Amino acid sequence: MSTHFLTVPGLASSGPMHWQTIWEEQYPHIFSRVMQDNWDWPVKTDWVTQLQKQISELTQPTILVAHSLGCITVAHWAQEHHSDLIQGALLVAPADAELSKRLNFVVGFKPIPVKPISFKTIVVASTNDIYATISRSKHFAETWGSEFINVGKKGHINAVSGLGDWTEGKEILEKLGNYKLLAEEATRS
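Quick note on this note's numbering: the sequence shown kicks off at 369 and runs consecutively.
Written out as structure tokens, the structure reads:
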């Protein structure tokens, strides 16, 4: 059975130049997106409920591909729910809902869970992310039991970072399971 990927965007969702959106457009047969009712005023219970709803509808092994506040949503979901179909999660640039003054309007995301996540996870962070320090991102990885990857100065690892297709991210994603996005891409060219 092939692997499915469920993207979990953060605040304001991910626009057309964001790597999550680009990947969804490149691989529409294996990528889908969690759709929140309100992307601009995040409420933890609403976001976790919507993630659980979409996970409960899955029919094949799935890797979560989260960004920013989406990472914190996954961490909360993993404390409250479980699915045997979730095989792992790529957690990119987790937003520090506790310490970032830029996120003072989000509701219910703190405290950020500090218990290990029961499936394989990789936290990817940047040294100049405006939503979380590299030390806080490393702390999240340690408490969640995640592999930690520091990608250097890449901002919030989003569209503003100018990553486009973000091949490095695909290579990191491939570490979570037995699939080859880059190989599939080469066969389609």
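Using N, Cα and C, we set each Cβ at its ideal position, and we do this for glycine too. In this text, all values refer to a predicted model and were calculated from it rather than measured experimentally.
With H, G and I counted as helix, E and B as strand and the rest as coil, what does DSSP make of Ser-370?
On the sequence shown, position 2 is the one that residue 370 refers to. Coil, per DSSP.
Just verifying my parser: in three-state terms, what is the DSSP assignment at Glu-466?
Within the sequence shown, residue 466 is the residue found at index 98, counting from 1. Of the three classes helix, strand and coil, the one that applies to Glu-466 here is coil, per DSSP.
By DSSP's criteria, Thr-430 is part of a beta bridge. Which residues make up the other side?
As a position in the sequence shown, residue 430 is number 62, starting the count at 1. His-372 and Ile-454, per the DSSP bridge assignment.
For His-397, does the count of other Cβ atoms within 10 angstroms reach 16, so buried, or fall short, so exposed?
Counted from its first residue, the sequence shown places residue 397 at position 29. Answer is exposed; the Cβ neighbour count stays below 16.
Closest to Lys-543 by C-alpha separation, out of Ser-451, Gly-456 and Trp-407, would be which residue?
Within the sequence shown, numbered from 1, the residue matching residue 543 stands at position 175. The candidate whose alpha carbon is nearest that of Lys-543 is Gly-456.
Could you tell me which uninterrupted beta strand (DSSP E) segments, each at least 3 residues in length, are contained entirely in the region 487 to 517, listed from first to last along the chain?
488 to 493
Just to confirm my understanding: we take Asn-406, look at its own chain, exclude 5 residues before and 5 after, and list those with CB closer than 8 Å. What are they?
Here residue 406 corresponds to residue number 38 of the sequence shown, with the count starting at 1. Cβ within range, chain order: Asp-414.
Could you work out which residue in Trp-512, Gly-530, Phe-373 and Ile-517 is closest to Ile-325 when comparing CA atoms only?
No answer is possible for residue 325: the residues shown for the chain start at 369 and end at 557.
What does DSSP give as the partner residue(s) for Ser-400 in the beta ladder?
Along the sequence shown, one-based indexing puts residue 400 at 32. Leu-374, per the DSSP bridge assignment.
To the nearest angstrom, report how far apart Val-411 and Arg-504 are at their CA atoms.
If you number the sequence shown from 1, residue 411 lands on position 43. If you number the sequence shown from 1, residue 504 lands on position 136. Answer to the nearest angstrom: the Cα atoms are 22 Å apart.
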